[in-house]
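In my numbering, the protein residues as written are 85 to 510.
All C-beta atoms, glycine included, are put in the ideal place defined by N, C-alpha and C.
These numbers were taken from a predicted model, which means no experiment stands behind them.
What follows is a set of notes on a single structure, which appears directly below.
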Amino acid sequence: MGRAFVYVILGGGVAAGYAALEFVKKGVSHGELCIISDEPVAPYERPALSKGFLLPEAPARLPSFHTCVGANEERLTPKWYKENGIELVLGTGVKSADVKRKTLLTTTGETISYKILIVATGARALKLEEFGVSGSDAQNVCYLRNIADANRLVNAVQSSPGGNAVVIGGGYIGMECAASLVINKINVTMVFPEAHCMARLFTPKIASYYEEYYKSRGVNFVKGTVLSSFDFDSDGKVTAVNLRDGRKISVDMVVVGIGIRPNTSLFEGQLTLEKGGIKVNGKLQSSNSSVYAIGDVAAFPVKAFGETRRLEHVDSARQSARYVVAAIMEPGKTGEFDYLPFFYSRVFTLSWQFYGDNVGEVVYFGDFSGSTFGAYWVNKGHLVGAFLEGGTKEEYEAVAKATRFRPAIEDLTELERQGLTFAVTV
Ligand code: FAD
Ligand code: NAD
Ligand code: ISD
């Protein structure tokens, strides 16, 4: 059995939702577009899972955060897909792809063929087993990538009132989940191998601000070590984590956020891969001209950096999705994808944004003992990146604009003196 579509989006996450909306805006005909997702629900705003979804009071629940509410656009419910003639194949994985034949084989045994395929398979959470630690399927060990994980995490929180959690990993998931656990009155210890949190992005000075704030909210930090094993009770629940430095920490629950791997396995040996993702050109087209890739799985040329990057952030998923539909449906009118990387996070009452690249010399500004501060990165005489905590809408727009403009910087001391004013007046 089989069905044929003009366009197929493989994966039903953030990028798929934004691409669907763009297809409709550009006038896709009924019956032309199909989305296949192994998740049981229509595309939703994944960032909600570590924030609103985990709140103890009035938590966010579907259908409230289907795409594209995160960008203040229409909320695409299953009814919307139906009304727009988009075939939404949910709870169905694709188990193999044949890019020469232009077919996908699903877990239900159906062959779906396409003229154009958009790969939007995102990524999966890395498991502790991949670092030699076993037991991560215990009921009180939680990862966080999808709705099923988020429900499991909520259950673990509700089963541990006033209890103790260890959060493994000091990246985005670790920081956001630690904050949410504290809000749920769980005592949190964060364990990670680096010298400071958010090591991929933050400088030690920036990290120190957040760590001090977290400490003021009761979070305990154990840095420079990793998990070596779990202790279990007779029901298979984890009762303690053992660290490589010899420490043992008793726990009621564990949250693990130790990075992701893009879901590329269907295309290995068929498409060119780079930086762990599917390599695409400035039109987001892979090494096979009928296959495009967007979101976390795509390694695309970032024009401003002159190199290929793979980003793991929601804005990149949204923008690459919007772009790819324009590139496919209006090829003559669409130039190359020109994207300035943008990351953000919100924890407790804090909120930061980052634009560009964190390479070169760092120039700090603002009040690190107050609530608004930031940093510029200057590389080869140009401003290439900017970080801002606690800015106003106008200030965030200003640092974004300044970073996009890449102004020449001759005098770092002068940049430091001007601080945020530099971005506002550039
Ligand atoms: P995804 O949204 O992961 O979607 C991929 C989809 O493909 C999934 O539905 C998956 O199940 C499906 N799929 C994969 N393989 C198959 C297959 N073989 N068959 C069928 N379906 C398949 N970014 C930010 O910038 N800010 C944030 O605050 C933020 N918060 C986050 C919070 C959490 C908890 C998580 C997990 C991520 C967060 N991110 C955030 C990152 C952001 O959500 C991702 O960058 C974004 O979701 C990527 O979109 P995507 O469509 O590429 O992948
Ligand atoms: P990450 O890459 O942000 O952080 C991984 C962390 O794992 C590292 O900081 C390190 O501390 C830790 N680590 C690495 N190896 C380890 C080991 N052996 N033992 C213990 N710790 C180890 O990944 P993440 O935090 O898991 O986030 C997953 C994905 O979700 C990322 O793509 C991230 O961008 C995305 N996300 C983004 C946001 C946001 O942008 N606000 C929020 C949540 C999640
Ligand atoms: O995708 C990302 C991410 O989460 C970062 O922190 O890219 C950045 C780089 O690692 C730093 O620019």
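Proximity winner among the options, relative to residue i (alpha-carbon distances)
{"i": "ILE290", "options": "ALA103, CYS226, SER455", "result": "SER455"}
{"i": "GLU478", "options": "SER134, LEU504, TYR428", "result": "LEU504"}
{"i": "GLY111", "options": "LEU265, ILE412, LEU285, ARG393", "result": "ILE412"}
{"i": "SER373", "options": "PRO385, GLY360, LEU355", "result": "LEU355"}
{"i": "LYS332", "options": "VAL306, LYS321, LEU424", "result": "VAL306"}
{"i": "GLY169", "options": "GLY419, GLY115, ASP233", "result": "GLY115"}
{"i": "VAL409", "options": "VAL92, ALA126, TYR294", "result": "VAL92"}
{"i": "GLY343", "options": "ARG229, SER121, GLU123, GLY154", "result": "ARG229"}
{"i": "PRO245", "options": "GLY255, VAL266, CYS226, ALA234", "result": "VAL266"}
{"i": "ALA207", "options": "PRO415, VAL173, PHE506, SER121", "result": "SER121"}
{"i": "ARG393", "options": "TYR428, PRO124, LEU357", "result": "LEU357"}
{"i": "LYS186", "options": "ILE196, VAL178, LYS179", "result": "ILE196"}
{"i": "ARG345", "options": "GLY444, VAL178, SER334, LYS359", "result": "LYS359"}
{"i": "SER243", "options": "PHE316, ASN268, GLY219", "result": "ASN268"}
{"i": "ALA232", "options": "ASN347, ILE119, ALA209", "result": "ALA209"}
{"i": "THR476", "options": "GLY444, PHE316, ALA507, HIS150", "result": "ALA507"}
{"i": "LEU117", "options": "GLY353, LEU133, ALA104", "result": "ALA104"}
{"i": "VAL483", "options": "GLU445, THR497, ASP221, PRO425", "result": "PRO425"}
{"i": "LEU499", "options": "LYS163, TYR448, VAL431", "result": "TYR448"}
{"i": "ARG301", "options": "PHE432, VAL153, GLY465", "result": "PHE432"}
{"i": "TYR102", "options": "GLU123, LYS184, LEU160, SER134", "result": "LEU160"}
{"i": "ASP221", "options": "PHE107, GLY416, ASP319, GLU129", "result": "ASP319"}
{"i": "LYS321", "options": "ARG328, ASN347, ALA283, GLN223", "result": "GLN223"}
Neighbourhood of residue i by C-beta, 8 Å cutoff - its chain only, sequence neighbours within 5 removed
{"i": "PRO143", "result": "GLY136, PHE137, VAL238"}
{"i": "THR192", "result": "THR176"}
{"i": "LEU368", "result": "TYR376, ALA377, ILE378, ALA382, PHE384, SER404, TYR407, VAL408, ALA411, PHE421"}
{"i": "SER429", "result": "TYR256, MET259, GLU260, SER435, TRP436"}
{"i": "HIS280", "result": "GLY254, PHE286, PRO288, ALA291, SER292, GLU295, LYS307"}
{"i": "GLU158", "result": "LEU105, CYS152, TRP164"}
Sequence-distant residues of the same chain with beta carbon closer than 7 Å to residue i, five excluded per side
{"i": "ALA262", "result": "VAL251, VAL272, MET274, TYR298, VAL303"}
{"i": "LEU467", "result": "TYR460, ALA486, THR487, ARG490, PRO491, ILE493"}
{"i": "GLY450", "result": "THR456, PHE457, GLY458, GLY503, LEU504"}
{"i": "ALA88", "result": "SER197"}
{"i": "LEU395", "result": "PRO425"}
{"i": "ASN347", "result": "THR205, GLY206, ALA207, ARG208, VAL381"}
Other residues of its chain near residue i: CB distance less than 6 Å, five sequence neighbours each side excluded
{"i": "ALA99", "result": "ALA204, ILE378, GLY379, ALA401, ALA405"}
{"i": "LEU350", "result": "ALA181"}
{"i": "PHE471", "result": "PHE438, GLY458, ALA459"}
{"i": "LEU188", "result": "VAL178, ALA181, ILE196"}
{"i": "ASP317", "result": "THR323"}
{"i": "ILE119", "result": "ILE93, GLY96, ALA100, LEU172"}
{"i": "PRO140", "result": "ASN268"}
{"i": "VAL364", "result": "SER370, ALA377, ALA382, PHE384"}
{"i": "HIS397", "result": "PHE427"}
Start-to-end residues for the beta strand (DSSP E) that takes in residue i
{"i": "THR392", "result": "391-394"}
{"i": "LYS332", "result": "332-334"}
{"i": "ALA103", "result": "Unbroken run through ALA103 is the alpha helix (DSSP H), 98-109; no beta strand (DSSP E)."}
{"i": "GLU473", "result": "466-473"}
{"i": "TYR91", "result": "86-94"}
{"i": "GLU213", "result": "Neither: GLU213 is in no beta strand (DSSP E) and is coded neither H nor E."}
{"i": "ALA482", "result": "Premise fails: ALA482 lies in the alpha helix (DSSP H), 477-489, not in any beta strand (DSSP E)."}
{"i": "THR323", "result": "322-327"}
{"i": "PHE452", "result": "Neither: PHE452 is in no beta strand (DSSP E) and is coded neither H nor E."}
Start and end residues, alpha helix (DSSP H) containing residue i
{"i": "ARG236", "result": "231-242"}
{"i": "PHE457", "result": "Where PHE457 is concerned, there is no enclosing alpha helix (DSSP H), although the beta strand (DSSP E) it sits in stretches over 457-463."}
{"i": "VAL112", "result": "No alpha helix (DSSP H) contains VAL112, which DSSP labels as neither H nor E."}
{"i": "ALA222", "result": "Counting along the chain, ALA222 falls outside any alpha helix (DSSP H), and DSSP gives it neither H nor E."}
{"i": "PHE506", "result": "504-509"}
Quick one: complete alpha helix (DSSP H) runs, 4+ long, within the region 258-304? Runs found: 288-300.
Between the region 196-206 and the region 378-388, can you find at least three pairs of beta-carbon atoms closer than 8 Å? A contact exists between the region 378-388 and the region 196-206.
Curious, which full-length beta strand (DSSP E) runs of at least 3 residues does the region 134-203 contain? If only uninterrupted beta strand (DSSP E) runs of at least 3 residues are considered, those enclosed by the region 134-203 are 171-173, 178-182, 187-190, 195-203.
At 3 residues or longer, and completely inside the region 373-440: list those beta strand (DSSP E) runs for me, N to C. With a minimum length of 3 residues, the continuous beta strand (DSSP E) runs that stay inside the region 373-440 are 375-377, 382-386, 391-394, 426-431, 434-440.
The region 324-342 touching the region 243-259, judged by at least three CB pairs closer than 8 Å: Result yes; three or more Cβ-Cβ pairs closer than 8 Å.
Can we say the region 208-226 touches the region 385-395, given the rule of at least three CB pairs closer than 8 Å? The region 208-226 makes no contact with the region 385-395, as fewer than three CB pairs between them are under 8 Å.
Ranges of the beta strand (DSSP E) found wholly within the region 333-365, counting only runs of at least 3: Segments of the beta strand (DSSP E) lying fully in the region 333-365: 337-340, 344-346, 361-363.
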